[in-house]
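Sequential numbering of the sequence shown, starting at 10, is according to my numbering.
Below: the structure, in structure tokens.
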Amino acid sequence: MKIISWNVQGLGKSRTFWEAQKLLQELSPHILFLSETKMMAKQMEVKRRMLRFDNCFVVDRCGLGGGLALLWNSDVSLEVKSYSKHYIDTVIHNEKGSSCKCTGVYGHPESEQAWPLGYSK
């Protein structure tokens, strides 16, 4: 399974979006975690379709900054467990019945806000 995590610093910029399309075409990830999208859910839904993903979970931007998005296709069984403006916490299930935790985190690694899930630094 391929997972990409990328701080896009604004997915609305045409050059950034073009680079995202190019990267996705080359690597064909199953899951894409984007931080600092600077977008609201409605805007991200348009980008999801353009990037050809089936599903999208969005944490809206705060003011003009921030914003998280997790995109995946229907061949991935993914369940969002919790989220904040700093993370999206998920469980990914496979066809054999096992699962793994996958958390996309955005924030400074020394910040207590970035580690609310019991992970140790």
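The beta carbon of each residue, even a glycine, is placed where N, CA and C say it ideally should be.
Cβ atoms of Y96 and G74 stay farther apart than 8 Å, at about 16 Å. Setting aside the 5 residues that flank it on each side, V89 is surrounded in the same chain by F66, L79, I97, D98, T99, each with a C-beta closer than 8 Å to its C-beta; the list follows chain order.
Looking at the backbone, the Cα of M48 and that of I12 are separated by about 21 Å. N103 and C111 have their C-alpha atoms spaced approximately 13 Å apart. Beta-bridge partners of S44 (DSSP): N16, L77. Under the three-state reduction of DSSP output, V85 falls in the coil class, being neither helix nor strand. Secondary structure note for F66: its beta strand (DSSP E) is the uninterrupted segment 64 to 68.
In this structure, L43 sits away from V68, with a CB-CB distance that is not shorter than 8 Å.
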